[in-house]
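**Student:** Quick one: this structure, given as structure tokens, is what I'll be asking you about.
Protein chains in written order, with this note's numbering: chain A, 75 to 272; chain B, 53 to 146; chain C, 0 to 94.
What follows is the structure in structure tokens.
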């Protein structure tokens, strides 16, 4: 539920400013440090990191294998990491195949690999997604315009503990010889979550 | 029988609506709530599990009606009041 | 804490409905699944949320059939579960 009524948003903004000011008076928060941390987070974490990982995995079978076996160890090969947050979380990359497709959710709250990909989309956090995708993933995928064939087995991953999940989509046909940058451009955030084929 | 956040498999929710091209945060206050929470957890005022617990204890009607970062803000204020760091009155501006 | 389960083991998820924070979703309670892999050891959030001491314990990726969870569906749901949420399931389904 993003996009509050402007009056509500203004009231919330005022509440947050007051809270921050009170916490600063108590010596618990440094507003400049907050801004710095926010900027640093947004600079390093974005879906582009995920698209680069996918492109490399498509172009390099050895990297794909390493990424699937131990993603945290493979990330530094592209200068990436799951650190920079409260603690470095375990990243698990799950690959789509011809007969299996993966979809990620956190039914209990909204866990997501934010250290790598940045904040999750609003719909991912919604009760609508969290309640429905574990029970009827095909109906949810259809809402995103994606209809896997009946022979494709769907597996939904509920991120209920300390691991964070990312999907490795299948490489589209007709992309032989594409450079990595061009491959990365084919990958969407929705593909990394599993509500799109790529 | 389970808390309001435990919605996996629950029936009756609407189709998923995607906002294409949405920004990481929709307003500065959301980004500040995000950063504040990290800072408070980093300082040990509360831990991540206590934070999730607080969100889950938001009264169900409020939980379902609140936007994502509104839930966060509510949980943060609940924890700060419970820890005696700030009072509800102070935070409400009284 | 000793690791009780290995990949391939059948386990069933606890039935309890605790009055406190937990990371066992209610849709999996009492369901039987298969351990896919171990994730490492982490302190139990049920205790951490109440500021109780919590030793790291094994967490497992456990796969459940949709039919087992919801009575319908041809998909699977994989959930990450602390060892405290799990019991061994023998060959015969014990509930």
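Just so it is clear, CB atoms sit at the ideal spot from N, CA and C, and this is done for glycine as well.
Measure the CB-CB distance between residue 182 (chain A) and residue 24 (chain C) and report whether it falls below 7 angstroms.
**Tutor:** yes
**Student:** Identify the contact partners of residue 104 (chain B) in chain C, using a Cβ-Cβ distance below 9 angstroms as the criterion.
**Tutor:** 20, 22, 44, 48
**Student:** Taking Cβ-Cβ distances shorter than 7 angstroms, what residues in chain C pair up with residue 89 (chain B)?
**Tutor:** What residue 89 (chain B) touches in chain C: nothing, since even the nearest Cβ is about 15 angstroms away.
**Student:** Does residue 84 (chain C) have its Cβ less than 7 angstroms from a Cβ in chain B?
**Tutor:** no
**Student:** Roughly how many angstroms separate the alpha carbons of residue 96 (chain A) and residue 140 (chain A), rounded to a whole number?
**Tutor:** 47 angstroms
**Student:** Is it buried or exposed, residue 206 (chain A), if we count other Cβ atoms within 10 angstroms and call 16 or more buried?
**Tutor:** Per the 10 Å Cβ criterion, buried.
**Student:** For the alpha helix (DSSP H) holding residue 46 (chain C), just list the boundary residues, first then last.
**Tutor:** 44-47
**Student:** Measure the beta-carbon distance from residue 191 (chain A) to residue 156 (chain A) and round it to whole angstroms, keeping in mind my assumption that it falls under 8 angstroms.
**Tutor:** Beta-carbon to beta-carbon, residue 191 (chain A) and residue 156 (chain A) are separated by about 10 angstroms, too far to satisfy the 8 angstroms threshold.
**Student:** Hey, residue 149 (chain A) and residue 160 (chain A) are a contact pair by Cβ (cut 8 angstroms); roughly how many whole angstroms apart?
**Tutor:** With 8 angstroms as the limit, residue 149 (chain A) and residue 160 (chain A) do not qualify as a contact, their Cβ atoms being about 18 angstroms apart.
**Student:** In chain order, which alpha helix (DSSP H) runs of at least 4 residues are fully inside the stretch 96-125 of chain A?
**Tutor:** Fully enclosed alpha helix (DSSP H) runs of 4 or longer: 105-118.
**Student:** For a minimum of 4 consecutive residues, which ranges assigned as the alpha helix (DSSP H) are wholly contained in the stretch 130-162 of chain A?
**Tutor:** 135-143, 145-148
**Student:** What residues in its chain sit with their C-beta under 8 angstroms from that of residue 14 (chain C), if we drop five residues either side in the sequence?
**Tutor:** 28, 29
**Student:** Please state the DSSP three-state secondary structure of residue 232 (chain A).
**Tutor:** Under the three-state reduction of DSSP output, residue 232 (chain A) falls in the strand class.
**Student:** Could you name the residues of the stretch 51-80 of chain C whose beta carbon sits closer than 8 angstroms to any beta carbon of chain A, in the order they occur along the chain?
**Tutor:** 58, 60, 62, 65, 68, 69, 72, 73, 74, 75, 76, 77, 78, 79, 80
**Student:** For chain B, is any of its Cβ atoms less than 7 angstroms away from the one on residue 26 (chain C)?
**Tutor:** yes
**Student:** Return the chain-ordered list of same chain residues with a C-beta closer than 6 angstroms to the C-beta of residue 265 (chain A), the five sequence neighbours on each side being excluded.
**Tutor:** 243, 272
**Student:** Tell me where the beta strand (DSSP E) around residue 143 (chain B) begins and ends.
**Tutor:** Premise fails: residue 143 (chain B) lies in the alpha helix (DSSP H), 140-144, not in any beta strand (DSSP E).
**Student:** With a cut-off of 8 angstroms on the beta carbons, I'd call residue 83 (chain C) and residue 54 (chain C) a contact; round off their distance for me.
**Tutor:** In fact, because the Cβ distance is near 11 angstroms, the residues do not count as touching under 8 angstroms.
**Student:** So, helix, strand or coil for residue 76 (chain C), using DSSP?
**Tutor:** In this structure, residue 76 (chain C) counts as strand in the three-state DSSP scheme.
**Student:** Run through chain C and tell me which residues come within less than 7 angstroms of residue 228 (chain A), C-beta to C-beta.
**Tutor:** 74
**Student:** Hey, is the stretch 125-132 of chain A in contact with the stretch 246-258 of chain A, meaning 3+ C-beta pairs nearer than 8 angstroms?
**Tutor:** yes
**Student:** Closest to residue 241 (chain A) by C-alpha separation, out of A:267, A:222, A:130, would be which residue?
**Tutor:** Comparing Cα-Cα distances from residue 241 (chain A) to each of A:267, A:222, A:130, the minimum goes to A:267.
**Student:** If you check the beta carbons only, do residue 48 (chain C) and residue 58 (chain B) fall under 7 angstroms apart?
**Tutor:** Going by C-beta atoms, residue 48 (chain C) is not nearer than 7 angstroms to residue 58 (chain B).
**Student:** Please classify residue 55 (chain B): is it buried, with 16 or more other beta-carbons within 10 angstroms of its beta-carbon, or exposed?
**Tutor:** buried
**Student:** Under 7 angstroms between C-beta atoms, does residue 197 (chain A) make it to chain B?
**Tutor:** yes
**Student:** I'd like to know if residue 205 (chain A) contacts chain B, where contact means its C-beta is closer than 7 angstroms to some C-beta of that chain.
**Tutor:** yes
**Student:** Between residue 237 (chain A) and chain C, is the shortest Cβ-Cβ distance under 7 angstroms, so that the two count as touching?
**Tutor:** yes
**Student:** Which runs of the beta strand (DSSP E), 3 residues or longer, sit entirely within the stretch 164-218 of chain A?
**Tutor:** 164-169, 174-179
**Student:** Residue 222 (chain A) CB to nearest chain B CB: under 7 angstroms?
**Tutor:** Output row for residue 222 (chain A): interface = no.
**Student:** Looking at the strands, I want to know which residues DSSP matches up with residue 240 (chain A).
**Tutor:** A:167
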